[in-house]
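These protein sequence lines are chains A and B, in that order. For the numbering used here, count along the first sequence from 1 and bump the result up by 35. For the numbering used here, count along the second sequence from 1 and bump the result up by 462. Just so it is clear, CB atoms sit at the ideal spot from N, CA and C, and this is done for glycine as well. Reviewing the structure listed below.
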Amino acid sequence: MHVIVCMKQAPDPEGPRDAFFINTQDTRVEPRGIPPALSLFDENALEAALRIKDADKENVKITVLCAGKKVSGAVLLKALAAGADSAVMVQGQGLEMENQDSFSSAGLLAAAVAKIGPFDLILTGRQSADSNAGQTGILLAGLLGVPAVSLAQKVSPDKEHVLVERVIQGGCEKLKVPLPCLAVVGNEAGELRYPAMKERRLAKNKPVLDWSMEAMGLDVAPDKKVVLRKLFAPTTRSRQCRFITGAMLAQVLREDQII
Amino acid sequence: MGVVLALVELGRDNKVLPVSLEALSAGKRIAEACGSGLTALVMGSGVDEAAESLRHYQADEILVADHPLLEHYHPEFFAQSLDRICRTIKPGFLVMAETLQTIDLAPRVAFALEAGLVTGCVDLEFDSGETLFIKPVYSGNVMAAYSVEGEPRLATIRAKSFEAAEPGKNSLSDIRSIAIQLDRQGAEIQVVERVLNDHGNGQGLETAEIVVSGGRGLGGPEGFEVLRELAKELGGAVGASRPPCDLGWIAPSVQVGITGAIIAPDLYIAVGISGSTQHVGGMEGAKTVVAVNEREDAPIFKIADYGVVDNYATVLPAFLEGLRQNR
Numbered sequence: 036m037h038v039i040v041c042m043k044q045a046p047d048p049e050g051p052r053d054a055f056f057i058n059t060q061d062t063r064v065e066p067r068g069i070p071p072a073l074s075l076f077d078e079n080a081l082e083a084a085l086r087i088k089d090a091d092k093e094n095v096k097i098t099v100l101c102a103g104k105k106v107s108g109a110v111l112l113k114a115l116a117a118g119a120d121s122a123v124m125v126q127g128q129g130l131e132m133e134n135q136d137s138f139s140s141a142g143l144l145a146a147a148v149a150k151i152g153p154f155d156l157i158l159t160g161r162q163s164a165d166s167n168a169g170q171t172g173i174l175l176a177g178l179l180g181v182p183a184v185s186l187a188q189k190v191s192p193d194k195e196h197v198l199v200e201r202v203i204q205g206g207c208e209k210l211k212v213p214l215p216c217l218a219v220v221g222n223e224a225g226e227l228r229y230p231a232m233k234e235r236r237l238a239k240n241k242p243v244l245d246w247s248m249e250a251m252g253l254d255v256a257p258d259k260k261v262v263l264r265k266l267f268a269p270t271t272r273s274r275q276c277r278f279i280t281g282a283m284l285a286q287v288l289r290e291d292q293i294i
Numbered sequence: 463m464g465v466v467l468a469l470v471e472l473g474r475d476n477k478v479l480p481v482s483l484e485a486l487s488a489g490k491r492i493a494e495a496c497g498s499g500l501t502a503l504v505m506g507s508g509v510d511e512a513a514e515s516l517r518h519y520q521a522d523e524i525l526v527a528d529h530p531l532l533e534h535y536h537p538e539f540f541a542q543s544l545d546r547i548c549r550t551i552k553p554g555f556l557v558m559a560e561t562l563q564t565i566d567l568a569p570r571v572a573f574a575l576e577a578g579l580v581t582g583c584v585d586l587e588f589d590s591g592e593t594l595f596i597k598p599v600y601s602g603n604v605m606a607a608y609s610v611e612g613e614p615r616l617a618t619i620r621a622k623s624f625e626a627a628e629p630g631k632n633s634l635s636d637i638r639s640i641a642i643q644l645d646r647q648g649a650e651i652q653v654v655e656r657v658l659n660d661h662g663n664g665q666g667l668e669t670a671e672i673v674v675s676g677g678r679g680l681g682g683p684e685g686f687e688v689l690r691e692l693a694k695e696l697g698g699a700v701g702a703s704r705p706p707c708d709l710g711w712i713a714p715s716v717q718v719g720i721t722g723a724i725i726a727p728d729l730y731i732a733v734g735i736s737g738s739t740q741h742v743g744g745m746e747g748a749k750t751v752v753a754v755n756e757r758e759d760a761p762i763f764k765i766a767d768y769g770v771v772d773n774y775a776t777v778l779p780a781f782l783e784g785l786r787q788n789r
């Protein structure tokens with residue numbers, strides 16, 4: 036079974052807010068002093084793939100697919116050390132959140148998947164840490180002509196189908212989908228495992244392919260349906276914390292008409 | 463310019479979700495700015511009552527797509543129906559509340575219609591005839607304004623970003639039913655089982671007015687028992703920061719934060735939560751924040767309106783007792 040996990044790199048969203056410098060003139064965010072990181076939901080997607088591999092180590096192969104303006108080798112190594120078998124990078128100018136929309140990202144990934152070859156399952160994270168759009172997975176499935184299930188918390192394939200546990204309001208539902216297919220994974224799938232030192236060492240020898248947009252014949256400035264027009268800083272409400280005791284809490288909240 | 467179509471989502475009790483009234487209100491703002499009509503769309507099975515309940519709102523017309531296969535949300539049936547409805551009525555915009563359902567549905571419809579979609583909008587701007595959809599990007603560290611090319615323009619609206627539409631006194635909206643043809647055999651996705659863990663009508667985190675969340679400071683799953691009691695007393699929902707979810711103290715579906723639910727309740731009570739960027743990114747939109755933490759230097763107090771520096775095991779029973787007194 037061949038599982039492809041799409042992983043995007045983005046500036047670590049847990050970095051301090053002032054690290055996200057907004058260049059209003061060029062309408063782009065220039066991260067200052069924060070390293071790129073794997074999008075958090077994409078780590079969940081990789082973990083879901085690794086759990087499939089745990090159950091059948093010999094027969095499950097995981098390819099990590101990472102597209103971006105410049106893919107960080109250190110970040111890719113993290114995915115390989117965690118247990119992916121190989122990685123494909125697609126790099127090119129213009130492959131930034133500010134210049135792409137979900138359709139163009141999905142188009143690029145679809146081209147890369149076609150070049151990678153046959154697959155049984157594609158996993159993506161629920162949304163990227165930069166555009167926060169949450170569309171690419173389903174659009175990619177559409178372009179590839181395979182069924183998609185989103186908000187997956189558990190993905191269990193057999194030979195012909197995959198059983199996906201999908202989060203719904205107040206519970207979950209189990210969906211059966213024929214392979215090949217795509218699942219969009221949420222945080223419920225679990226945190227990415229931490230690799231041992233030995234795995235880190237071994238990861239350096241795993242195959243990594245580096246494809247350029249130009250070599251793939253892809254348009255770096257595609258027509259977009261969703262166009263970024265401006266960026267600005269979020270307004271943060273300034274709050275003054277009033278310290279009180281637990282015994283007073285109910286009374287104070289009542290007096291201030293909070294409850 | 464076609465109408466603004468607002469999808470109204472129903473709960474499991476087939477009643478209109480309050481968050482859909484916020485989407486309706488966003489739809490109304492677009493309709494007014496563009497000088498077009500507002501149509502509310504109700505999809506489901508046996509939804510006459512829900513459609514009727516919408517007649518007092520601002521929609522010019524209520525479209526009803528009623529089909530047995532739309533009883534529960536099914537990704538393919540809902541996407542096919544919405545695709546066909548849009549092809550028939552050719553709306554200029556399609557807006558819907560951002561919910562677990564539309565996180566799945568909206569991109570499917572965008573693909574089917576080859577239409578641009580902006581998810582999680584928190585505001586709208588109208589600039590010389592163009593509609594700008596405002597949403598947080600970079601996990602809330604930056605705000606972005608997007609325009610959408612072509613029609614329909616699709617958007618999902620984040621809960622608590624728009625005032626819910628209020629019923630008006632004027633004439634009642636017309637109801638029109640629209641025929642949907644669906645074929646059970648045509649579906650690739652098969653629902654095997656539906657497991658509900660809260661009797662099916664549990665308050666969703668995103669729409670709850672009061673959320674009581676616990677963090678690592680609760681020390682274990684037992685801490686969440688007290689939290690549940692407090693949530694029940696306040697009529698709110700239980701949430702958590704990331705560590706308790708990763709440690710298996712509570713279901714990860716209640717995680718509040720950048721990689722969980724992003725919420726803006728009226729009152730947010732953070733118990734034993736230090737206030738990491740990951741967590742704060744999911745709740746800083748709350749109107750009032752109460753923080754309970756043993757450590758007075760915990761960052762959560764920087765974004766709190768009320769703070770109690772003490773152990774939760776001391777604070778919560780006292781708080782509960784206070785709530786139960788002079789009710």
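| Item | Value |
| --- | --- |
| Secondary structure at A/K150, three-state DSSP: helix, strand or coil? | helix |
| Which word fits B/Y519, buried or exposed, when buried means at least 16 other C-beta atoms lie within 10 angstroms of its C-beta? | buried |
| So who's on the other strand from B/M605, going by DSSP bridges? | A/F267, B/P598 |
| Is it buried or exposed for B/R678, if we count other Cβ within 10 angstroms and need 16 for buried? | buried |
| Under the rule that 16 or more other beta-carbon atoms within 10 Å means buried, what is B/K597, buried or exposed? | buried |
| Would you mind telling me which residues of chain B sit closer than 7 Å to A/V262, beta carbon to beta carbon, in chain order? | Y608, S609, E611 |
| By Cβ distance below 7 Å, which residues in the same chain neighbour A/G172 in space, the five residues on each side in sequence not counted? | T159, A183, S185, L217, V219 |
| What in chain A is Cβ-close to B/A577, meaning under 9 Å? | K260 |
| I need the boundaries of the beta strand (DSSP E) containing B/R786, first residue and last residue. | Not the beta strand (DSSP E): B/R786 falls in the alpha helix (DSSP H), residues 774 to 786. |
| So, does the region 605 to 614 of chain B touch the region 257 to 272 of chain A, judging by three or more C-beta pairs under 8 Å? | yes |
| Take B/T721 and list the residues in its own chain whose beta-carbon comes closer than 8 Å to its own, dropping the five residues that flank it on each side. | R704, Q740 |
| Beta-carbon within less than 6 Å of B/G784's beta-carbon, same chain only, minus the 5 sequence neighbours each way: which residues are those? | none |
| Quick one: which residues of the region 56 to 78 of chain A get their C-beta closer than 8 Å to a C-beta of chain B? List them in chain order. | I57, V64, L75, F76 |
| Closer than 9 Å by beta-carbon distance: list the chain B residues that pair up with A/L227, in chain order. | Ordered by position in chain B, no residue passes the 9 Å Cβ test against A/L227, which lies about 11 Å from the chain. |
| Run down chain B in chain order and give the residues with a C-beta less than 7 Å from the C-beta of A/L166. | Sequence check: residue 166 of chain A is Ser here, not Leu. V599, listed in chain order. |
| If we ignore side chains and look at the alpha-carbon of each, how far apart do B/V465 and B/G499 end up? | 5 Å |
| Which two residues bound the contiguous alpha helix (DSSP H) that contains B/F539? | 537 to 551 |
| Using 8 Å as the limit for Cβ to Cβ distance, is B/M558 near chain A? | no |
| Mind checking whether B/P614 and B/P683 have CB atoms under 8 Å apart? | no |
| Got a sec: which bits of the region 77 to 99 of chain A sit with their beta carbon under 7 Å from any beta carbon on chain B, in order along the chain? | none |
| Rounded to whole angstroms, what is the Cα-Cα separation between B/A775 and B/G685? | 8 Å |
| Beta-carbon of B/S715 versus every beta-carbon of chain A: anything under 8 Å? | yes |
| Please list the segments of the alpha helix (DSSP H) lying wholly inside the region 680 to 743 of chain B, counting only runs of 4 or more residues, in order along the chain. | 683 to 696, 704 to 708 |
| Give the DSSP bridge partners of B/I619, in chain order. | B/A559, B/C583 |
| Between the Cα of A/A238 and the Cα atoms of A/K105, A/L85, A/G118, which residue gives the shortest distance? | A/G118 |
| Measure the Cβ-Cβ separation of A/L144 and A/P215 and say whether it is below 8 Å. | no |
| State the Cα-Cα distance for the pair B/H661 and B/L644, rounded to the nearest angstrom. | In this prediction, B/H661 scores a pLDDT of 45, lower than 50, which makes its location untrustworthy; no coordinate-derived value is stated. |
| If you draw a straight line from the alpha carbon of B/G652 to that of B/F539, how long is it in whole angstroms? | The amino acid occupying residue 652 of chain B in the given sequence is Gln; Gly does not appear at that position. Roughly 11 Å between the two C-alpha positions. |
| Can you check which of these residues, B/L486, B/N476, B/D475, is closest to B/L467 by C-alpha distance? | B/L486 |
| For A/P46, list the residues DSSP reports as bridge partners. | A/P71 |
| Hey, how far is the Cα of A/T62 from the Cα of A/E133? | 7 Å |
| Against A/I108, what residues of chain B qualify as contacts under a CB-to-CB distance less than 8 Å, listed in chain order? | One detail in the question is off: residue 108 of chain A reads as Gly in this sequence, not Ile. Within chain B, no residue comes near A/G108; the closest Cβ sits about 23 Å away, beyond 8 Å. |
| For the alpha helix (DSSP H) containing A/D286, name the first residue and the last one. | Position check: residue 286 of chain A holds Gln in this sequence, whereas Asp was assumed. Run containing A/Q286: 281 to 290, per the alpha helix (DSSP H) assignment. |
| Which term fits A/E49, buried or exposed, when burial requires 16 or more other beta carbons within 10 angstroms of its beta carbon? | buried |
| Please say whether B/L544 and B/V509 have beta carbons closer to each other than 8 Å? | no |
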